[in-house]
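Colleague:
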Amino acid sequence: MRRALAALAIALVLSATALIALERHWRGRGYTPIIVDAPDLWSLQRAKATATPDALVFLGASRTLYAIDRDTVRARLPHHEPVMLAMDGRYPLATLRDLAADADFRGLVVCDIDGAGFAAPSIDMQQPEVEFYRHAFSPSRAAHRLILNHWQLRAVIARSDFSLLRSAVRAWNDEGEPFHPYQWLDRRRFGHIDFERGDKEAQKRELAANLERFGGHLPKIPFVDWWPQVEAANGWVRAIQARGGDVIFYASPTSGQRRWAEEDWFPRAEYWDRMVASTSAKTLFALDVPALRDFPLPDDSHVDYRQKPAYTNALIDALVERNFIAPTKPKTEAAMRPLAIQSAAGDGGT
Amino acid sequence: MTFDSLTFVVFFIAVVAMFNLPGLSWSARKSVLLGASFLFYGAWNPPFLLLLIGSATVDWWLALRMAQARSNRRKPWLIVSLVANLGLLGLFKYGDFLRDNTQTLLALVGIDWQPATFDILLPVGISFYTFQSLSYCIDVYRGEVRVQKSLRDYLLFVGFFPQLVAGPIVRYHDFSAQLHTPRRTTVDGFTLGLSLLLIGLFEKIVLADSVFAPVADPIFKAGGTVDTASAWTGTIAFAGQIFCDFAGYSTCAIGCAAMLGFWLPDNFRSPYAASGFSDFWRRWHLSLSTWLRDYLYVPLGGNRGGSLLTLRNLMLTMLLGGLWHGAAWTFVAWGAFHGLMLVLERVSEPAIAATSRLLGGLGTLLGGLLTLLGVLVAWVWFRAPDFTHAAQIHAAMFVPDDTSGPISAEAKIAWIAFGLMWSMHWLWRHHDLRRWLRQRGAATLGLIWATLIVAIVLSPGVSRAFIYFQF
Numbered sequence: 003m004r005r006a007l008a009a010l011a012i013a014l015v016l017s018a019t020a021l022i023a024l025e026r027h028w029r030g031r032g033y034t035p036i037i038v039d040a041p042d043l044w045s046l047q048r049a050k051a052t053a054t055p056d057a058l059v060f061l062g063a064s065r066t067l068y069a070i071d072r073d074t075v076r077a078r079l080p081h082h083e084p085v086m087l088a089m090d091g092r093y094p095l096a097t098l099r100d101l102a103a104d105a106d107f108r109g110l111v112v113c114d115i116d117g118a119g120f121a122a123p124s125i126d127m128q129q130p131e132v133e134f135y136r137h138a139f140s141p142s143r144a145a146h147r148l149i150l151n152h153w154q155l156r157a158v159i160a161r162s163d164f165s166l167l168r169s170a171v172r173a174w175n176d177e178g179e180p181f182h183p184y185q186w187l188d189r190r191r192f193g194h195i196d197f198e199r200g201d202k203e204a205q206k207r208e209l210a211a212n213l214e215r216f217g218g219h220l221p222k223i224p225f226v227d228w229w230p231q232v233e234a235a236n237g238w239v240r241a242i243q244a245r246g247g248d249v250i251f252y253a254s255p256t257s258g259q260r261r262w263a264e265e266d267w268f269p270r271a272e273y274w275d276r277m278v279a280s281t282s283a284k285t286l287f288a289l290d291v292p293a294l295r296d297f298p299l300p301d302d303s304h305v306d307y308r309q310k311p312a313y314t315n316a317l318i319d320a321l322v323e324r325n326f327i328a329p330t331k332p333k334t335e336a337a338m339r340p341l342a343i344q345s346a347a348g349d350g351g352t
Numbered sequence: 023m024t025f026d027s028l029t030f031v032v033f034f035i036a037v038v039a040m041f042n043l044p045g046l047s048w049s050a051r052k053s054v055l056l057g058a059s060f061l062f063y064g065a066w067n068p069p070f071l072l073l074l075i076g077s078a079t080v081d082w083w084l085a086l087r088m089a090q091a092r093s094n095r096r097k098p099w100l101i102v103s104l105v106a107n108l109g110l111l112g113l114f115k116y117g118d119f120l121r122d123n124t125q126t127l128l129a130l131v132g133i134d135w136q137p138a139t140f141d142i143l144l145p146v147g148i149s150f151y152t153f154q155s156l157s158y159c160i161d162v163y164r165g166e167v168r169v170q171k172s173l174r175d176y177l178l179f180v181g182f183f184p185q186l187v188a189g190p191i192v193r194y195h196d197f198s199a200q201l202h203t204p205r206r207t208t209v210d211g212f213t214l215g216l217s218l219l220l221i222g223l224f225e226k227i228v229l230a231d232s233v234f235a236p237v238a239d240p241i242f243k244a245g246g247t248v249d250t251a252s253a254w255t256g257t258i259a260f261a262g263q264i265f266c267d268f269a270g271y272s273t274c275a276i277g278c279a280a281m282l283g284f285w286l287p288d289n290f291r292s293p294y295a296a297s298g299f300s301d302f303w304r305r306w307h308l309s310l311s312t313w314l315r316d317y318l319y320v321p322l323g324g325n326r327g328g329s330l331l332t333l334r335n336l337m338l339t340m341l342l343g344g345l346w347h348g349a350a351w352t353f354v355a356w357g358a359f360h361g362l363m364l365v366l367e368r369v370s371e372p373a374i375a376a377t378s379r380l381l382g383g384l385g386t387l388l389g390g391l392l393t394l395l396g397v398l399v400a401w402v403w404f405r406a407p408d409f410t411h412a413a414q415i416h417a418a419m420f421v422p423d424d425t426s427g428p429i430s431a432e433a434k435i436a437w438i439a440f441g442l443m444w445s446m447h448w449l450w451r452h453h454d455l456r457r458w459l460r461q462r463g464a465a466t467l468g469l470i471w472a473t474l475i476v477a478i479v480l481s482p483g484v485s486r487a488f489i490y491f492q493f
């Protein structure tokens, strides 16, 4: 007994000392704990989308992930439960397809997508997370993730940047200290970007480099190659609507050279407007809404976290104004009917 | 639930506490373990818990009927058990494989057959618990064990959570005595168990998931091209990953069982220090290799029917052993290669013995290096998504090219880790880890535990499912 207790005491003292020393070291260098996005964190929200009848599901990539303010949504639309399924750097149609295939999903989807999002290479970008949710996510994984969230919210050393392996690789490559991230997520996956800490010119430079690489214009995707994905997405929209849910395709705002490049890449009249004419989903093109069109975007693409409530309010205003979403819960089935009729007629209201 | 999840930490603390509640009878403690085992399995996919219970209950009932029947009337019950167990495995594990191959064969003779497709999910650990249950029925049929009359105890034998989903495959005669003798957590068992649990988690989380998998995965990804350096790096990394993943699971399982006062058999004994393929199979996945020996190789005739029949039996056993791992021809190729090596070793036995006498220890080391080379070559089939990619990797390994660029720091670390692991296997070739741990003093043990804890906490990468869960 004495041997076991002594070994346990030695192990606890030594390991706690080492871990606390490391934690203090990294905190002293200005690092803070953050939630690390992962398939199980996404799956927790994906499960919530199905389990919550009044789910308001946000799909998209980084522009939505880092722009929607959860508190504002809850205050403005108290009968909806906001669920964030957008993913950094990946277009959302695989998730829309998965929601359509889910017989229990009846929520409202705000799907942030532009012309490139309907291109064939974009379709399966979120499929790995969908696969994980379908085949690997379990009650045990959910419980694991909930506990892990607490650890990640409290410990800097919970980040993989500070793992033994990453530290060894950095030392080997003489890389210096890890990158100080200027974007982060909360445990419900609503993201934040602090452009005062970040490099807002980096994205602009990346776009400029891409444009230069392709001789001033991003490579065109022929309409005939683009259209089949629109038709498929329209089918997924109809499946969700048939169960009482709905979908809003939303092209979020851009500014500066990015706005020009996107219009040049997928001219609205040739792509977006033809999608609008074909779909039973509601549609919103942010540049048609002055409050969204003129919204300050430090890198021409994303919202600074201080501006998230204002941006979310502007978006909800636009959706409510067009009757895409009710500010209060409709009292009867009949109250929903005008929306359904409008939707079935394909009047997107763009 | 997996050993490397935080859910398991909470679960296991609760189970150990409940199992050792003062005043609890042995029967009640067994019920606690059974309930915990069901929760452990059900937390992955609740409906498949019913499959596990149903399958084990059928075997328990069939074994009872077998025991009550006269010796010449037992065979029908055994056949029903074989059909039920292998049918279950066939449906869930080999259904798609059989359908696809039948379709291909029919297409060869000009018949266009378009079968319905079913999206069947493979119940985790089905190969392990089916084999465990099947071995019990065969043992009862042979009269080698006494039948278990308590359904609860039988379900605990099949479903005991430490070994339920990825082994070791426990034999009933090893477990039944433990079911009859009241057990509880002891200081010695807890100390040994905690040591093993931490070693297993270190192998899985630090080595398999953090060091080896990120290097192996991209190289074995379908559709990619590989150069000589990356082919060797990927193969070495996978060899490290599969050992640390699987041995890590087994070590955790043995450790958890020890903390509850149970003993489980060893599953690995420094396999990369094997000198010869027969030696490899005495060191790698021992519970499967002994199962295959006792329930397949020996019933086929073993080495009793002359040289040619012995070689045939060896090949058949290894082919089916390969297929046990997965429903794909690449696994069959892996098994066939090991079978071929065992056959070659057997026919060259006099020459090998003479060389060993001549070279002494150097011969053992040389044999070890050749065996490792063969094992590495075979791992490519085991891991590659298809034969085309496996052939590309094999070609890149043995036909040097000049396109290899500098390898990454991660790859260099994987090489160093594999080298250290290989050295450890040779140093520990004849050692027993459990005995070694029992002989350590408090300071050494405390230092080992602290090192393992720090390394585990500081490896918060992507959590990967245990590879052997899919088998």
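Chains as they are written, first to last, in this note's numbering: chain H, 3 to 352; chain G, 23 to 493. Quick reminder that beta carbons are idealized off the backbone N, C-alpha and C, glycines included.
How far does the alpha helix (DSSP H) with MET88/G in it reach, from first residue to last?
Modeller: Along the second sequence, one-based indexing puts residue 88/G at 66. Unbroken alpha helix (DSSP H) run through MET88/G: 68-90.
Colleague: Taking Cβ-Cβ distances shorter than 8 Å, what residues in chain H pair up with ALA259/G?
Modeller: Taking the first residue of the second sequence as position 1, residue 259/G is located at position 237. Per Cβ cutoff of 8 Å: no residues; ALA259/G is ~13 Å from chain H at best.
Colleague: Please state if the CB of ALA355/G and the CB of TRP403/G are separated by a distance shorter than 9 Å.
Modeller: Within the second sequence, numbered from 1, the residue matching residue 403/G stands at position 381. Within the second sequence, numbered from 1, the residue matching residue 355/G stands at position 333. Yes. Within cutoff.
Colleague: In whole angstroms, what separates the C-alpha of GLU198/H from that of THR256/H?
Modeller: Residue mapping note: residue 198/H aligns to position 196 of the first sequence, counting from 1. Residue mapping note: residue 256/H aligns to position 254 of the first sequence, counting from 1. Each residue's alpha carbon lies about 19 Å from the other.
Colleague: Is the CB of LEU28/G under 9 Å away from at least one CB in chain H?
Modeller: As a first step, residue 28/G is located in the second sequence; it is residue number 6 there, counting from the start. Yes, LEU28/G lies at the interface with chain H (some Cβ there is under 9 Å from its Cβ).
Colleague: Taking a Cβ distance cut-off of 8 Å, strictly less, list which residues of the region 92-119 of chain G are near chain H, in chain order.
Modeller: none
Colleague: Comparing the C-beta of MET3/H with each C-beta of chain G, is any distance below 9 Å?
Modeller: Sequence index remark: in the first sequence, residue 3/H carries index 1 (1-based). MET3/H counts as touching chain G.
Colleague: If you draw a straight line from the alpha carbon of PHE212/G to that of GLY383/G, how long is it in whole angstroms?
Modeller: For the purposes of this step, residue 212/G is taken as residue 190 along the second sequence, with counting starting at 1. For the purposes of this step, residue 383/G is taken as residue 361 along the second sequence, with counting starting at 1. For PHE212/G and GLY383/G, the distance between alpha carbons rounds to 38 Å.
Colleague: If I'm right that TRP254/G touches MET419/G with Cβ under 8 Å, what's the distance once you round it to whole angstroms?
Modeller: The residue labelled residue 254/G in the question sits at position 232 within the second sequence. The residue labelled residue 419/G in the question sits at position 397 within the second sequence. Sure, about 6 Å apart at Cβ, within 8 Å.
Colleague: At what residues does the alpha helix (DSSP H) containing THR52/H begin and finish?
Modeller: Your numbering for residue 52/H matches position 50 in the first sequence. DSSP places THR52/H inside the alpha helix (DSSP H), whose first and last residues are 41-53.
Colleague: Pull out every residue of the region 247-258 of chain G whose Cβ sits closer than 8 Å to any Cβ of chain H, in chain order.
Modeller: none
Colleague: If we count the other Cβ atoms within 10 Å of its Cβ and call it buried at 16 or more, is THR334/H buried or exposed?
Modeller: Counted from its first residue, the first sequence places residue 334/H at position 332. For THR334/H, the predicted model reports a pLDDT of 46, less than 50, meaning its position is unreliable and no value from the coordinates is stated.
Colleague: If distances are taken between C-alpha atoms only, which option among PRO180/H, MET277/H, PRO141/H comes closest to ALA253/H?
Modeller: Position 251 of the first sequence, counting from 1, holds the residue named residue 253/H. Minimum Cα-Cα distance from ALA253/H among the listed residues PRO180/H, MET277/H, PRO141/H corresponds to MET277/H.
Colleague: So that I know if they touch, is there some Cβ in chain G lying closer than 9 Å to that of LEU46/H?
Modeller: Residue 46/H sits at position 44 when you count from the first residue of the first sequence. Residue-level contact check: LEU46/H does not touch chain G, since none of the beta carbons of chain G fall below 9 Å from its beta carbon.
Colleague: Between PHE164/H, GLU131/H, ARG78/H, HIS81/H, which has its C-alpha nearest ALA96/H's C-alpha?
Modeller: Here residue 96/H refers to the residue found at position 94 of the first sequence. For the options PHE164/H, GLU131/H, ARG78/H, HIS81/H, the alpha carbon positioned closest to that of ALA96/H is the one of GLU131/H.
Colleague: Let me know if ASP454/G comes out buried or exposed under the rule of 16 or more other beta-carbons within 10 Å of its beta-carbon.
Modeller: Here residue 454/G refers to the residue found at position 432 when the second sequence is read from its first residue. Exposed is the call here.
Colleague: What does a CB cutoff of less than 8 Å around ILE298/G pick up in its chain, not counting 5 residues either side in sequence?
Modeller: Taking the first residue of the second sequence as 1, we reach residue 298/G at position 276. What sits at residue 298/G in the sequence shown is Gly, not Ile. Take GLY298/G, set aside five residues on each side of it, and the residues of its chain with a beta-carbon closer than 8 Å to its own are GLU367, ILE374, GLY389, THR393, in chain order.
Colleague: Any idea if LEU381/G is buried or exposed, counting beta-carbon neighbours within 10 angstroms, 16 or more meaning buried?
Modeller: As a first step, residue 381/G must be located in the second sequence, where it is residue number 359. Exposed, because fewer than 16 other Cβ atoms sit within 10 Å of the Cβ of LEU381/G.
Colleague: Please check the pair ARG189/H and ASN236/H, which I expect to be a contact at CB under 8 Å, by giving their CB distance rounded to whole angstroms.
Modeller: Taking the first residue of the first sequence as position 1, residue 189/H is located at position 187. Taking the first residue of the first sequence as position 1, residue 236/H is located at position 234. Not a contact, Cβ separation roughly 34 Å.
Colleague: Using 8 Å as the threshold, is the region 214-230 of chain G in touch with the region 286-297 of chain G, meaning 3 or more CB pairs across them?
Modeller: no
Colleague: Which bits of chain G does TRP174/H rub up against, with CB to CB less than 8 Å?
Modeller: Translated into the one-based positions of the first sequence, residue 174/H becomes position 172. Near TRP174/H (Cβ distances below 8 Å), the residues of chain G are ALA431, LYS434, ILE435.
Colleague: Just to confirm before moving on: does the CB-CB distance between GLN185/G and ALA280/G stay below 9 Å?
Modeller: The residue labelled residue 185/G in the question sits at position 163 within the second sequence. The residue labelled residue 280/G in the question sits at position 258 within the second sequence. No, Cβ-Cβ distance for GLN185/G and ALA280/G is not below 9 Å.
Colleague: Find the nearest neighbour of LEU155/H within the set ILE115/H, ALA138/H, ARG191/H, judged by alpha-carbon distance.
Modeller: Here residue 155/H corresponds to residue number 153 of the first sequence, with the count starting at 1. It is ARG191/H.
Colleague: Please name the residue in ASP306/H, THR285/H, TYR313/H, TYR184/H whose C-alpha comes closest to that of ILE115/H.
Modeller: Position 113 of the first sequence, counted from the first residue, corresponds to residue 115/H. Taking only the C-alpha atoms, the option nearest ILE115/H is THR285/H.
Colleague: At a CB distance below 8 Å, what residues from the region 315-329 of chain G approach chain H? Give them in sequence order.
Modeller: Residues: none.
Colleague: Could you tell me the alpha carbon to alpha carbon distance between ARG315/G and GLY327/G, rounded to whole angstroms?
Modeller: In the second sequence, the residue the question calls residue 315/G occupies position 293. In the second sequence, the residue the question calls residue 327/G occupies position 305. Those two C-alpha atoms are separated by around 15 Å.
Colleague: I want to verify the contact list: residues of chain H whose CB lies under 7 Å from the CB of ALA477/G, in sequence order.
Modeller: Residue numbering aside, residue 477/G sits at position 455 when the second sequence is read from its first letter. Near ALA477/G (Cβ distances below 7 Å), the residues of chain H are LEU166.
Colleague: Could you tell me which residues DSSP pairs with ILE195/H in its beta bridges?
Modeller: Stepping through the first sequence from its first residue, residue 195/H is reached at position 193. BP columns for ILE195/H point to GLN185/H.
Colleague: Taking the straight line between their C-alpha atoms, what separation do you get for ALA342/H and LEU58/H?
Modeller: Taking the first sequence and counting its residues from 1, the one referred to as residue 342/H is at position 340. Taking the first sequence and counting its residues from 1, the one referred to as residue 58/H is at position 56. Note that ALA342/H scores 39 on pLDDT, short of 50, meaning its location in the model is unreliable and no value can be drawn from it.
Colleague: Compute the Euclidean distance between the alpha carbons of PHE326/H and ILE318/H, then round it to the nearest angstrom.
Modeller: Here residue 326/H is taken as the residue at index 324 of the first sequence, counted from 1. Here residue 318/H is taken as the residue at index 316 of the first sequence, counted from 1. Answer to the nearest angstrom: the Cα atoms are 9 Å apart.
Colleague: What residues from chain H crowd round LEU467/G, counting only those whose CB sits closer than 7 Å?
Modeller: If you number the second sequence from 1, residue 467/G lands on position 445. Within 7 Å Cβ-Cβ: ALA9.
Colleague: Note down, in chain order, every chain B residue with its Cβ under 8 Å from the Cβ of ALA170/H.
Modeller: Included in the structure are the protein chains H and G, with no chain B among them.
Colleague: Let's see if you can read the secondary structure: which residues bound the beta strand (DSSP E) around ASP248/H?
Modeller: Walking along the first sequence from the start, residue 248/H turns up at place 246. From DSSP, the beta strand (DSSP E) with ASP248/H extends over 248-253.
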